[in-house]
Amino acid sequence: MVGVVVVLENQRVSSAITLASFAKPRKVEKKICYETELGLSLEKRTRLLNIIREDNSWSNKQSGLYFTNLYAHHTQWLMHKDHSEFKELVDLVDNYLATSVLQIPFRYETKECWGGIYGKDDYAKIHSHQPYLWAWCYYPFAPEGSAPLRFHEVKGSGAGKVGAVSSEFEHEVYPHDDLLVMFGGHRRHSVPKSTTDKERVVIAGNAHISDLLNKSNF
Ligand SMILES: [Fe+2]
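Quick note on numbering: the sequence shown equals residues 30 to 247 in the numbering used here.
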């Protein structure tokens, strides 16, 4: 466990540049998710899809100590370690997180990265990505009619209480080709059953402060 203690010598000097002023935690908490397009070429996105298509090693593993919440085609969990194309994507995502979302002097990095393909009737049940601080979904291909990514409110949570997750959603994002969606790892989310035969292709990741939460720490 690593702790960071910041002591402000003069709390009344609001214009002083401090570690706290870089962190801007209120901005992070207000927003449910962040969206951007990464600008990957059709060729690169097709290559990512083909790699995902070749690996269904974690499809239909919805139980056990380490499991998936997706009821869809699912690759192994460390694609960025085995494929340079995924590592390139992860570097883009981590850079976006550091420069456009957080603006804090810590280095975050994606620890896990996997791919999925949703066909007709595929879905993901409500889940979060805790204990990771950040999670993301990138869509190489999400044709019209693709199911949305839905975020669910935790009702009744607060100091000392464990909240119930509502099946109603408070926000949804309809993906399109080349979209990146980034959100706090605590955000409960789901994907309703796909109603189209077209493939909805997603690459997902979990990010945390570098040197924390490597797989071996679990
Ligand atoms: Fe997820």
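The C-beta atom is built at its ideal place from N, Cα and C for all residues, glycine as well. Computed from a predicted structure; not experimentally measured.
Apart from the five residues on each side of it in sequence, which residues of its chain come closer than 6 Å, Cβ to Cβ, to residue i?
i	result
Ile155	His181, Val194, Arg217, Ser219
Glu64	Val210
Lys222	Asp150, Tyr152
Pro160	none
Glu201	Pro177, Arg179
My output table needs one value for residue i: the three-state DSSP class, helix, strand or coil.
i	result
Ser129	helix
Phe115	helix
His158	coil
Glu197	strand
Asn85	coil
Glu182	strand
Asn235	strand
Thr65	strand
Lys73	helix
Out of curiosity, what's the CA-to-CA distance linking residue i and residue j?
i	j	result
Ile81	Thr224	21 Å
Thr104	Cys142	9 Å
His237	Ser129	16 Å
Leu298	Ile146	Lying before the first or after the last residue shown, residue 298 is absent from the chain, which here runs from 30 to 247.
Lys110	Asp120	12 Å
Glu83	Thr139	22 Å
Asp206	Glu173	9 Å
His158	Asp123	16 Å
Glu197	Ala233	23 Å
Ser239	Cys62	21 Å
How would you label residue i, buried or exposed, when you count the other beta carbons within 10 angstroms and need 16 or more for buried?
i	result
Leu71	exposed
Pro54	No answer about Pro54 holds up, because its pLDDT of 47 lies below 50 and its placement is not dependable.
Lys60	exposed
Below 8 Å CB to CB, which residues in the same chain sit around residue i once its five sequence neighbours on both sides are set aside?
i	result
Pro204	Cys166, Tyr168, Ala171, Ser175, Pro177, Leu178, Val210, Arg229, Val231
Leu126	Tyr137, Trp163, Trp165, Met211, Ala236
Asp226	Gly148, Lys149
Asn85	His102, His103, Thr104
Q | Sufficient close CB pairs (3 or more, under 8 Å) joining the region 104 to 119 to the region 73 to 89 | A | yes
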